[in-house]
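Here's the structure we're looking at; comments come further down.
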Amino acid sequence: MAHTIVIFGASGDLTSRKLIPALYRLFQKQRLPVDTQIVGVSRSEYSHDQWRDELAETTAQFVGDHFEKSAWQAFREQVYYHAGDIQQAADFRSLGEFLESIEPEGAVDRVYYLSTKPQLYEKAIEQLGEAGLSDDSRGERRVIVEKPFGYDLASAEALNAATHRVFREDQVYRIDHYLGKETVQNLFVLRFANSIFEPLWNRNYIDHVQITVAEEMPVGRRAGYYDTSGVLRDMFQNHLLQLMMITAMEPPARFDANLVRDEKVKVLHSVRPMIGGDFASDSVRGQYEGYLQEEGVPAGSQTATFAALKLHVDNWRWQGVPFYLRSGKAMSCRTTQIVIQFREAPHLLLGTKTRVPTANQLVIQVQPAEGIQLHFQSKVPDTELKTKLSSLDFRFQSEGGGGAMPDSYQRLLLDAMNGDAGLFARADEVELAWGIIDPLLAAWNSPAAPPLETYPQGDWGPQWCTQWMHQQGRQWFDVCPVLKG
Ligand code: BG6
Numbered sequence: 002m003a004h005t006i007v008i009f010g011a012s013g014d015l016t017s018r019k020l021i022p023a024l025y026r027l028f029q030k031q032r033l034p035v036d037t038q039i040v041g042v043s044r045s046e047y048s049h050d051q052w053r054d055e056l057a058e059t060t061a062q063f064v065g066d067h068f069e070k071s072a073w074q075a076f077r078e079q080v081y082y083h084a085g086d087i088q089q090a091a092d093f094r095s096l097g098e099f100l101e102s103i104e105p106e107g108a109v110d111r112v113y114y115l116s117t118k119p120q121l122y123e124k125a126i127e128q129l130g131e132a133g134l135s136d137d138s139r140g141e142r143r144v145i146v147e148k149p150f151g152y153d154l155a156s157a158e159a160l161n162a163a164t165h166r167v168f169r170e171d172q173v174y175r176i177d178h179y180l181g182k183e184t185v186q187n188l189f190v191l192r193f194a195n196s197i198f199e200p201l202w203n204r205n206y207i208d209h210v211q212i213t214v215a216e217e218m219p220v221g222r223r224a225g226y227y228d229t230s231g232v233l234r235d236m237f238q239n240h241l242l243q244l245m246m247i248t249a250m251e252p253p254a255r256f257d258a259n260l261v262r263d264e265k266v267k268v269l270h271s272v273r274p275m276i277g278g279d280f281a282s283d284s285v286r287g288q289y290e291g292y293l294q295e296e297g298v299p300a301g302s303q304t305a306t307f308a309a310l311k312l313h314v315d316n317w318r319w320q321g322v323p324f325y326l327r328s329g330k331a332m333s334c335r336t337t338q339i340v341i342q343f344r345e346a347p348h349l350l351l352g353t354k355t356r357v358p359t360a361n362q363l364v365i366q367v368q369p370a371e372g373i374q375l376h377f378q379s380k381v382p383d384t385e386l387k388t389k390l391s392s393l394d395f396r397f398q399s400e401g402g403g404g405a406m407p408d409s410y411q412r413l414l415l416d417a418m419n420g421d422a423g424l425f426a427r428a429d430e431v432e433l434a435w436g437i438i439d440p441l442l443a444a445w446n447s448p449a450a451p452p453l454e455t456y457p458q459g460d461w462g463p464q465w466c467t468q469w470m471h472q473q474g475r476q477w478f479d480v481c482p483v484l485k486g
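If you count by the working numbering, then the sequence shown holds residues 2 to 486, one letter each, in order.
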């Protein structure tokens with residue numbers, strides 16, 4: 002079956018930085034279905050060759066050593082450009098004619114990728130419908146929607162409604178690129194293809210879970226966008242809640258897109274809503290020093306660049322086990338990690354004089370240097386019975402032959418082309434996620450807000466966040482990647 006991928010927002014950063022490099026790598030690895038055409042659409046006027054030449058440079062830059070001139074020469078023949086304005090119905094009709102002119106006779110599956118400004122998503126979908134481009138009588142018609150999916154619950158509901166006026170839910174692929182990360186997928190395997198973890202994966206053995214997405218970079222040139230978004234919208238509504246869902250979900254009956262998403266959605270249903278004083282006691286918000294001087298940030302902006310939340314999952318498995326989620330810009334280092342903190346051994350026979358923490362930890366390092374580390378106590382050799390913390394390390398990269406991990410977009414693009422929505426968010430999932438974030442956003446804009454703490458760049462967030470954890474008898478796992486590449 003022939004395929005066409007139409008990218009709206011062709012002149013944008015995501016297209017050159019992620020989408021075309023991912024498609025090129027799939028082509029190079031011979032994973033891209035033969036007879037795949039790629040069509041970029043945006044307002045600028047380019048000839049096919051001008052766009053291809055520009056992409057040659059950016060792709061070479063972003064795939065680095067993987068760039069091969071001969072493979073690119075073959076790939077570029079499948080890449081086309083069509084100028085068009087999302088506001089103009091006539092441009093969608095001419096796009097339809099153009100697609101037919103390059104597609105082979107017979108059925109062709111199409112994926113429309115919305116990588117434009119989010120404000121244009123609704124219009125683009127409506128125009129696709131009006132131009133007859135969603136009609137799936139001659140092949141599948143799917144739409145991939147980049148994040149953010151909505152700005153809050155009301156806008157996400159409106160976008161879902163507008164989408165469903167044109168596409169059925171099974172044709173809609175809402176991207177969260179964290180789901181395309183190898184380690185995130187490996188979390189499914191760790192939990193559901195091994196029998197040793199499941200008996201421990203609950204309130205009887207786990208004290209709490211920490212999910213940290215720390216970024217070293219400040220917001221830099223994205224400050225204009227970022228200031229209207231802030232860390233809750235930018236990272237929590239999507240990536241952090243996705244990591245939490247996969248950590249907390251029940252095993253699905255099969256690895257089927259809807260069965261997997263049913264289980265993830267149940268986690269969101271179980272998150273205890275914050276009310277009253279919870280917003281101040283269960284959330285920390287911070288802003289790095291110097292944020293107000295970033296270009297495009299309005300004076301006195303109260304936008305949080307850091308947040309930590311304590312969420313409770315009210316179900317049988319997790320009752321009493323808090324999930325701590327935190328993320329921030331300009332932090333100590335770039336690391337994404339899920340720490341499963343087990344309970345202390347119930348009775349200490351050893352080392353009773355100096356009380357040292359003995360609780361086991363399973364650290365799932367999502368990035369960089371993807372891997373898993375299990376912390377446990379062992380005996381210090383040649384001592385009577387002194388113990389020390391030891392670890393078992395698993396490095397993903399060495400399992401895969403030492404090569405670089407594929408970028409998330411490779412897997413996600415291929416899955417969408419093949420009609421597998423398992424790693425994409427469903428309509429109810431994004432709405433429920435907004436339903437958790439919206440009240441926090443409102444509370445943070447009200448007198449119930451916790452104070453906006455500041456933190457120095459290159460730190461683990463505000464000092465208060467560390468104390469907040471100590472007050473609960475717990476400690477953040479403030480470790481820059483425990484596993485090196
Ligand atoms: C994006 C956010 O969704 O994820 C960015 O908008 C953030 O602000 C990025 O930097 C992080 O992605 P990754 O894959 O680099 O962890």
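Glycine residues also receive a C-beta, built at the ideal position from the N, C-alpha and C atoms.
A quick note: this is a predicted structure, and the numbers were derived from the prediction, not measured.
By the 10 Å Cβ neighbour count, where 16 or more other Cβ atoms means buried, how is residue i classified, buried or exposed?
i	result
Val499	In the structure as shown, the chain starts at 2 and stops at 486, and residue 499 therefore has no counterpart that could be examined.
Ile197	exposed
Gly329	buried
Ser392	exposed
Gln374	buried
Phe76	buried
Ile339	buried
Met332	buried
Ser102	exposed
Ser71	exposed
Ser43	buried
Trp52	buried
Gln288	buried
Out of the options, which has the shortest C-alpha to C-alpha gap to residue i?
i	options	result
Asp171	Asn259, Leu414, Phe68 and Arg111	Asn259
Pro482	Gly287, Gln366 and Ala300	Gln366
Arg94	Gly474, Thr359, Asp416 and Leu134	Leu134
Phe189	Val35, Ala405 and Val261	Val261
Pro252	Asn195, Tyr226, Asp208 and Gly297	Asn195
Leu115	Tyr47, Pro149, Ile8 and His83	Ile8
Leu508	Gly287, Arg327, Arg169 and Leu293	Here the chain covers residues 2 to 486 and nothing more, so residue 508 does not appear.
Ser302	Leu390, Ile438, Gly423 and Thr229	Thr229
His471	Tyr325, Ile126 and Pro448	Tyr325
Pro34	Val42, Gly41 and Tyr25	Tyr25
Ala125	Ala57, Leu96 and Gly297	Leu96
Gly1	Ala57, Gln29 and Ile21	What the structure shows of the chain is the stretch from 2 to 486, and residue 1 is not part of that stretch, so it cannot be assessed.
Ala281	Ser447, Phe68 and Leu15	Ser447
Ala300	Gly291, Ala308 and Phe307	Gly291
Val167	Glu123, Arg192 and Leu191	Glu123
Phe397	Thr388, Pro407, Glu217 and Glu385	Pro407
Gln238	Leu269, Met2 and Cys334	Leu269
Look up residue i in the DSSP assignment and say whether it is helix, strand or coil.
i	result
Val35	coil
Ala309	strand
Lys380	strand
Val232	helix
Leu386	coil
Val64	helix
Gln120	helix
Glu454	strand
Tyr179	helix
Ala360	coil
So, for residue i: in the same chain, excluding its five sequence neighbours on each side, which residues have a beta-carbon less than 7 angstroms away from its beta-carbon?
i	result
Pro200	none
Leu487	Limits of the chain in this structure are 2 at one end and 486 at the other, which puts residue 487 out of reach.
Gly225	Gly297
Lys182	Val367, Gln368 and Ser409
Gln128	Ile87, Ala90 and Phe93
Which same chain residues, not among the five before or five after residue i, have their C-beta less than 6 angstroms away from its C-beta?
i	result
Tyr227	Val220
Asp479	Trp461
By Cβ distance, which residues of its chain are closer than 8 angstroms to residue i, with the 5 residues on each side in sequence left out?
i	result
Val272	Leu312, His313, Val314, Asp315 and Ile437
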